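All remarks here apply to the structure that follows.
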Amino acid sequence: MSDNIVSSTQTFNIKYNNTITFSSTSGISSSSSHHHNHQDYGVIKEQDRLLPIANVGRIMKQILPTNAKISKEAKETMQECVSEFISFVTGEASDKCHKEKRKTVNGDDICWALATLGFDDYAEPLKRYLHKFRELECEKANNQNHNKVINTTNRNNNNLIEKYNSYGGDDDED
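For the sequence shown, numbering that gives the first Met the number 0 begins at 0 and goes up steadily by one.
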(Lines of atoms letter the chains of each structure in order from A and count residues from 1; the text may use other names and numbers.)
(Lines give C-alpha, C1' and ligand atoms only; values in the text may rest on other atoms or scores of the structure.)
Protein backbone atom coordinates (compact mmCIF):
# COMPACT_ATOMS: atom_id res chain seq x y z
CA MET A 1 0.00 0.00 0.00
CA SER A 2 1.47 3.37 -0.91
CA ASP A 3 0.70 6.91 0.12
CA ASN A 4 -1.62 9.27 -1.70
CA ILE A 5 -0.09 12.63 -2.50
CA VAL A 6 -2.47 15.50 -3.06
CA SER A 7 -1.38 19.05 -3.70
CA SER A 8 -3.77 21.84 -4.47
CA THR A 9 -3.60 25.60 -4.69
CA GLN A 10 -6.57 27.82 -5.23
CA THR A 11 -6.79 31.54 -5.69
CA PHE A 12 -9.84 33.75 -5.61
CA ASN A 13 -9.98 36.77 -7.89
CA ILE A 14 -12.62 39.45 -8.27
CA LYS A 15 -12.06 41.23 -11.53
CA TYR A 16 -13.06 44.79 -12.25
CA ASN A 17 -15.88 43.69 -14.55
CA ASN A 18 -17.68 41.99 -11.63
CA THR A 19 -16.67 38.49 -12.70
CA ILE A 20 -15.59 36.05 -10.03
CA THR A 21 -13.11 33.39 -11.01
CA PHE A 22 -11.30 30.72 -9.12
CA SER A 23 -8.07 29.41 -10.51
CA SER A 24 -6.97 26.11 -9.22
CA THR A 25 -4.25 23.68 -10.03
CA SER A 26 -4.10 20.30 -8.50
CA GLY A 27 -1.83 17.38 -8.99
CA ILE A 28 -3.04 14.12 -7.65
CA SER A 29 -0.72 11.18 -7.59
CA SER A 30 -1.95 7.97 -6.18
CA SER A 31 -1.12 4.34 -6.43
CA SER A 32 -2.83 1.67 -4.49
CA SER A 33 -2.89 -2.09 -4.34
CA HIS A 34 -6.62 -2.11 -3.54
CA HIS A 35 -8.79 -4.06 -5.94
CA HIS A 36 -11.91 -2.02 -6.76
CA ASN A 37 -15.04 -4.05 -7.31
CA HIS A 38 -17.77 -2.53 -9.48
CA GLN A 39 -20.22 -3.19 -6.65
CA ASP A 40 -18.36 -1.07 -4.10
CA TYR A 41 -21.21 0.09 -1.85
CA GLY A 42 -18.99 2.45 0.14
CA VAL A 43 -18.54 4.78 -2.83
CA ILE A 44 -20.73 7.87 -2.89
CA LYS A 45 -21.59 9.36 -6.27
CA GLU A 46 -20.27 12.88 -6.75
CA GLN A 47 -23.77 14.22 -7.37
CA ASP A 48 -24.87 12.84 -4.00
CA ARG A 49 -21.85 14.27 -2.19
CA LEU A 50 -22.16 17.83 -3.51
CA LEU A 51 -24.83 20.48 -3.08
CA PRO A 52 -26.70 21.23 -6.32
CA ILE A 53 -24.64 23.71 -8.32
CA ALA A 54 -27.73 25.76 -9.23
CA ASN A 55 -28.42 26.36 -5.53
CA VAL A 56 -24.79 27.31 -4.90
CA GLY A 57 -24.86 29.75 -7.81
CA ARG A 58 -28.14 31.28 -6.62
CA ILE A 59 -26.73 31.85 -3.13
CA MET A 60 -23.54 33.36 -4.57
CA LYS A 61 -25.59 35.76 -6.72
CA GLN A 62 -27.52 37.04 -3.69
CA ILE A 63 -24.44 38.78 -2.29
CA LEU A 64 -23.15 40.18 -5.59
CA PRO A 65 -24.28 43.17 -7.64
CA THR A 66 -27.07 42.31 -10.09
CA ASN A 67 -24.81 42.73 -13.12
CA ALA A 68 -22.08 40.45 -11.72
CA LYS A 69 -21.16 37.28 -13.59
CA ILE A 70 -19.95 34.11 -11.90
CA SER A 71 -17.80 31.68 -13.84
CA LYS A 72 -18.64 27.99 -13.96
CA GLU A 73 -15.29 27.23 -12.35
CA ALA A 74 -16.08 29.61 -9.46
CA LYS A 75 -19.42 27.88 -8.86
CA GLU A 76 -17.81 24.44 -9.00
CA THR A 77 -15.05 25.43 -6.57
CA MET A 78 -17.53 26.99 -4.17
CA GLN A 79 -19.71 23.88 -4.52
CA GLU A 80 -16.75 21.71 -3.47
CA CYS A 81 -15.86 24.00 -0.54
CA VAL A 82 -19.32 24.36 0.96
CA SER A 83 -20.09 20.68 0.47
CA GLU A 84 -16.87 19.74 2.25
CA PHE A 85 -17.62 22.23 5.06
CA ILE A 86 -21.12 20.83 5.57
CA SER A 87 -19.80 17.28 5.51
CA PHE A 88 -17.08 18.18 8.03
CA VAL A 89 -19.52 19.79 10.48
CA THR A 90 -22.26 17.18 10.13
CA GLY A 91 -19.68 14.41 10.50
CA GLU A 92 -18.63 15.84 13.86
CA ALA A 93 -22.28 16.18 14.92
CA SER A 94 -22.99 12.64 13.75
CA ASP A 95 -20.05 11.28 15.77
CA LYS A 96 -21.49 12.97 18.87
CA CYS A 97 -24.90 11.39 18.23
CA HIS A 98 -23.31 7.99 17.67
CA LYS A 99 -21.45 8.23 21.00
CA GLU A 100 -24.72 9.19 22.70
CA LYS A 101 -26.49 6.28 20.96
CA ARG A 102 -28.85 8.60 19.08
CA LYS A 103 -29.79 8.18 15.44
CA THR A 104 -30.97 11.70 14.60
CA VAL A 105 -28.75 14.75 14.27
CA ASN A 106 -30.58 17.93 15.32
CA GLY A 107 -29.84 21.64 15.18
CA ASP A 108 -28.30 21.65 18.64
CA ASP A 109 -25.82 19.00 17.49
CA ILE A 110 -24.81 21.15 14.52
CA CYS A 111 -24.30 24.19 16.79
CA TRP A 112 -22.22 22.05 19.16
CA ALA A 113 -20.11 20.75 16.25
CA LEU A 114 -19.49 24.27 14.93
CA ALA A 115 -18.29 25.39 18.37
CA THR A 116 -16.19 22.26 18.88
CA LEU A 117 -14.51 22.73 15.51
CA GLY A 118 -13.65 26.36 16.31
CA PHE A 119 -16.40 28.08 14.33
CA ASP A 120 -17.68 30.05 17.33
CA ASP A 121 -18.48 33.05 15.12
CA TYR A 122 -21.05 30.86 13.37
CA ALA A 123 -22.19 28.72 16.31
CA GLU A 124 -23.51 31.54 18.52
CA PRO A 125 -25.67 33.31 15.88
CA LEU A 126 -26.93 29.93 14.69
CA LYS A 127 -27.96 29.02 18.25
CA ARG A 128 -29.92 32.28 18.50
CA TYR A 129 -31.54 31.67 15.11
CA LEU A 130 -32.45 28.09 16.08
CA HIS A 131 -34.00 29.30 19.36
CA LYS A 132 -36.06 31.96 17.54
CA PHE A 133 -37.08 29.46 14.85
CA ARG A 134 -38.32 27.02 17.48
CA GLU A 135 -40.28 29.78 19.25
CA LEU A 136 -42.00 30.76 15.99
CA GLU A 137 -42.76 27.12 15.14
CA CYS A 138 -44.32 26.67 18.58
CA GLU A 139 -46.44 29.82 18.14
CA LYS A 140 -47.49 28.65 14.68
CA ALA A 141 -48.53 25.24 16.04
CA ASN A 142 -50.47 26.89 18.89
CA ASN A 143 -52.28 29.19 16.42
CA GLN A 144 -53.17 26.24 14.18
CA ASN A 145 -54.52 24.30 17.17
CA HIS A 146 -56.52 27.36 18.29
CA ASN A 147 -57.98 27.74 14.78
CA LYS A 148 -58.89 24.03 14.71
CA VAL A 149 -60.79 24.42 18.00
CA ILE A 150 -62.66 27.47 16.64
CA ASN A 151 -63.46 25.71 13.35
CA THR A 152 -64.63 22.58 15.18
CA THR A 153 -66.81 24.68 17.50
CA ASN A 154 -68.30 26.56 14.52
CA ARG A 155 -68.99 23.28 12.68
CA ASN A 156 -70.63 21.82 15.77
CA ASN A 157 -72.79 24.94 16.19
CA ASN A 158 -73.80 24.82 12.51
CA ASN A 159 -74.69 21.13 12.85
CA LEU A 160 -76.88 21.90 15.89
CA ILE A 161 -78.65 24.71 14.00
CA GLU A 162 -79.23 22.43 11.00
CA LYS A 163 -80.64 19.68 13.24
CA TYR A 164 -82.87 22.19 15.02
CA ASN A 165 -84.17 23.52 11.70
CA SER A 166 -84.73 20.01 10.29
CA TYR A 167 -87.04 19.15 13.23
CA GLY A 168 -89.28 22.10 12.48
CA GLY A 169 -87.66 24.39 14.96
CA ASP A 170 -87.58 27.31 12.53
CA ASP A 171 -89.85 30.01 13.98
CA ASP A 172 -89.59 32.33 10.96
CA GLU A 173 -92.91 31.06 9.52
CA ASP A 174 -95.14 33.13 11.87
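Where is the CB? At the ideal position from N, CA and C, for every residue including glycine. Bear in mind the structure is a predicted one, so any value in this text is a computation, not a measurement.
Quick check: the stretch 72-80 against the stretch 101-114, are at least 3 beta-carbon pairs closer than 8 Å?
Touching, no.
Where does residue 68 fall in DSSP's three states?
Residue state, collapsed to three classes: strand.
If residue 108 and residue 95 are in contact, beta carbons under 8 Å, what's the gap, nearest whole angstrom?
At roughly 6 Å, the Cβ-Cβ gap stays under 8 Å, so residue 108 and residue 95 are in contact.
Find out if the Cβ-Cβ distance for the pair residue 74, residue 52 is shorter than 8 Å.
Cβ atoms of residue 74 and residue 52: closer than 8 Å.
Under a three-way DSSP split, which group does residue 121 fall into?
Reduced to three states, the DSSP call for residue 121 is helix.
Please classify residue 99: does DSSP put it in a helix, a strand, or coil?
Looking at residue 99 - three-state DSSP - the assignment turns out to be coil, as it is neither helix nor strand.
Check whether the Cβ atoms of residue 91 and residue 116 sit closer than 8 Å, and answer yes or no.
Against a cut-off of 8 Å, the Cβ pair of residue 116 and residue 91 comes out as a contact.
Short of 7 Å in beta carbon distance, which residues of its chain neighbour residue 120, apart from the five on each side in sequence? Order them along the chain.
Nothing listed; no residue qualifies.
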